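See structure below.
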Amino acid sequence: MAFYINPEECTACGDCEPVCPTSSIYSEKGMFKITKNTCTECENDFDVPQCIDVCTVDNCILPL
Ligand code: SF4
Ligand code: SF4
4 MAFYINPEEC TACGDCEPVC PTSSIYSEKG MFKITKNTCT ECENDFDVPQ
54 CIDVCTVDNC ILPL
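Heads up: the sequence shown begins at 4 in our numbering, then just goes up one per residue.
Below, the structure is given as structure tokens:
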């Protein structure tokens, strides 16, 4: 179970990167991405996925 960042919607603001408890969010060539193998959907750390909580763009972070 993991999320991905929709490149069509992401504004590359970077707000999601520091809030991820598993350090699964990274930027590459100006695009923000989620490492699917380490994204836990925040299950063991928080009640809600922190990246989705902080992202202000609708339909930007979606389930794989
Ligand atoms: S759902 Fe949680 S673990 Fe997955 S990328 Fe977002 S903040 Fe990180
Ligand atoms: S918070 Fe949302 S818009 Fe900003 S970089 Fe992350 S996914 Fe993209």
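Just so it is clear, CB atoms sit at the ideal spot from N, CA and C, and this is done for glycine as well.
Owing to the predicted nature of the structure, the values given are computational and were not obtained by experimental measurement.
**Coarse secondary structure for residue 24, derived from DSSP in three states** = Taking the first residue of the sequence shown as position 1, residue 24 is located at position 21. Correct three-state label for residue 24: coil.
**Beta-carbon proximity of residue 57 to residue 12, cut-off 8 Å** = Locating residue 57 in the sequence shown gives position 54, where the first residue counts as 1. Locating residue 12 in the sequence shown gives position 9, where the first residue counts as 1. Result no, Cβ atoms of residue 57 and residue 12 do not sit closer than 8 Å.
**Asked** Which one or two residues does DSSP pair with residue 52 in a beta bridge?
**Response** In the sequence shown, counting from the first residue as 1, residue 52 sits at position 49. For residue 52, which the question treats as bridged, DSSP gives no partner whatsoever.
**Backbone CA spacing between residue 33 and residue 63 [nearest angstrom]** = Position 30 of the sequence shown, counted from the first residue, corresponds to residue 33. Position 60 of the sequence shown, counted from the first residue, corresponds to residue 63. Each residue's Cα considered, the two are about 16 Å apart.
**Item:** residue 5: CB within 7 Å of a non-hydrogen atom of ligand 2
**Value:** Counting from 1 along the sequence shown, the entry for residue 5 is found at position 2. Because no heavy atom of ligand 2 lies under 7 Å away, the Cβ of residue 5 does not count as near it: no.
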